[in-house]
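Below you'll find the structure, written out as structure tokens, and then a few comments.
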Amino acid sequence: MATNEPIMASVAGRYASALFELATDENAVGDVERDLNTFQQLFDESSDLRGVLASPVLSTEDQGKAVAAVLAKMNASTVTTNLFQLITKNRRLSIAPDVVRAFRALAAKARGEVTAEVISAAPLNDEQTAELKATLKESVGKDVQLSTEVDPSLLGGLVVKIGSRMVDSSLRTKLATMKAALTSSA
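Each residue of the sequence shown is one higher than the one before, counting from 218 in our numbering.
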């Protein structure tokens, strides 16, 4: 699957592309996407899991056992399990979040959707999420799936990225801009 997107040219993008092709052949794109979303949620919530994935000290065998236990508890599909076995064997577990992001982008593109990465200072509620999706759909003309992340250092507002476009309406950026304007005029 050829693409001009930089993430797809990366190692994670190549894994995601191969995974997407395999999942498509197996008619399991939805299952794999659910597995990856669940894995990403666990990754975001567990510092222990993040530590296992990033640790250069743990042996491949120990990392494999830990990830296999997580996948078994999730009832992950065979396709997803095989991906994680492969990236564990190849000592590439640290790129798992990038593989997830790239796979989501491929799945969304296949459905005619775009994915927007949204970083907010606090978790968005259902009403805010629906309003943001509607606004972005109006702007880009396609259905929009949100990939959300919370970064309290933003103080308030949002950073939204769709492809190469980014809108930063965070309070942190506004304050930094104001500070720069005040110090340059002094």
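Where is the CB? At the ideal position from N, CA and C, for every residue including glycine.
Computed from a predicted structure; not experimentally measured.
For the region 285–295 against the region 308–315, do three or more pairs of beta-carbon atoms, one drawn from each stretch, fall closer than 8 Å, so that the two count as touching? No, they do not touch.
Restricting to runs no shorter than 4 residues, where is the alpha helix (DSSP H) found entirely within the region 310–394? Listed in chain order, they are 313–327, 343–357.
With DSSP run on the structure shown, which of helix, strand or coil describes Asn-299? Locating residue 299 in the sequence shown gives position 82, where the first residue counts as 1. For Asn-299, the three-state secondary structure derived from DSSP is helix.
Leu-363 and Lys-350: beta carbons closer than 8 Å? Position 146 of the sequence shown, counted from the first residue, corresponds to residue 363. Position 133 of the sequence shown, counted from the first residue, corresponds to residue 350. With a cutoff of 8 Å on beta-carbon distance, Leu-363 and Lys-350 are scored as near each other.
Straight-line Cα distance separating Gln-345 from Thr-332: Reading the sequence shown from its first residue, position 115 is the one you call residue 332. Reading the sequence shown from its first residue, position 128 is the one you call residue 345. Going from the Cα of Thr-332 to the Cα of Gln-345 covers about 17 Å.
What is the DSSP secondary structure of Glu-243, reduced to helix, strand or coil? As a first step, residue 243 must be located in the sequence shown, where it is residue number 26. Coil, per DSSP.
Rounded separation between Thr-400 and Ala-393 - CA only: On the sequence shown, position 183 is the one that residue 400 refers to. On the sequence shown, position 176 is the one that residue 393 refers to. If I take the Cα positions, the gap works out to 10 Å.
My guess is that Thr-305 and Ser-337 are in contact by the Cβ rule of under 8 Å, so how many angstroms apart are they, rounded? Taking the first residue of the sequence shown as position 1, residue 305 is located at position 88. Taking the first residue of the sequence shown as position 1, residue 337 is located at position 120. Incorrect: roughly 32 Å between the Cβ atoms, too far for contact.
Assuming contact is defined by CB atoms lying nearer than 8 Å, are Ala-240 and Ala-319 in contact in what I supplied? As a working mapping, residue 240 is identified with position 23 in the sequence shown. As a working mapping, residue 319 is identified with position 102 in the sequence shown. Not a contact, by the Cβ cut-off of 8 Å.
Three-state secondary structure assigned by DSSP to Ala-293: Start at 1 with the first residue of the sequence shown, and residue 293 comes out as number 76. It is coil, neither helix nor strand.
Select from Ala-327, Asp-252, Asp-315 the residue whose C-alpha is nearest the C-alpha of Lys-290. Walking along the sequence shown from the start, residue 290 turns up at place 73. When C-alpha distances from Lys-290 are compared across Ala-327, Asp-252, Asp-315, the shortest belongs to Asp-252.
Only counting the same chain, and skipping five residues up and downstream in sequence, which positions put a Cβ closer than 7 Å to that of Phe-301? As a position in the sequence shown, residue 301 is number 84, starting the count at 1. Spatial neighbours of Phe-301 in its own chain (CB-CB distance under 7 Å, excluding positions within 5 residues in sequence) are listed in chain order as Val-284, Leu-288.
Just reading off the alpha helix (DSSP H) that Arg-267 is part of, what are its end residues? As a position in the sequence shown, residue 267 is number 50, starting the count at 1. DSSP places Arg-267 in the uninterrupted alpha helix (DSSP H) bounded by 264–271.
Where does Arg-308 fall in DSSP's three states? On the sequence shown, position 91 is the one that residue 308 refers to. Arg-308 carries a coil assignment under DSSP once its states are collapsed to helix, strand and coil.
Between Leu-372 and Ser-386, is the Cβ-Cβ spacing less than 8 Å? Start at 1 with the first residue of the sequence shown, and residue 372 comes out as number 155. Start at 1 with the first residue of the sequence shown, and residue 386 comes out as number 169. Their beta carbons are not under 8 Å apart, which means Leu-372 does not touch Ser-386 by this criterion.
If Gln-257 sits next to Val-317, beta carbons under 8 Å apart, how far is it from one beta carbon to the other, in whole angstroms? Taking the sequence shown and counting its residues from 1, one reaches residue 257 at position 40. Taking the sequence shown and counting its residues from 1, one reaches residue 317 at position 100. Cβ-Cβ separation between Gln-257 and Val-317: approximately 5 Å, consistent with a contact (criterion under 8 Å).
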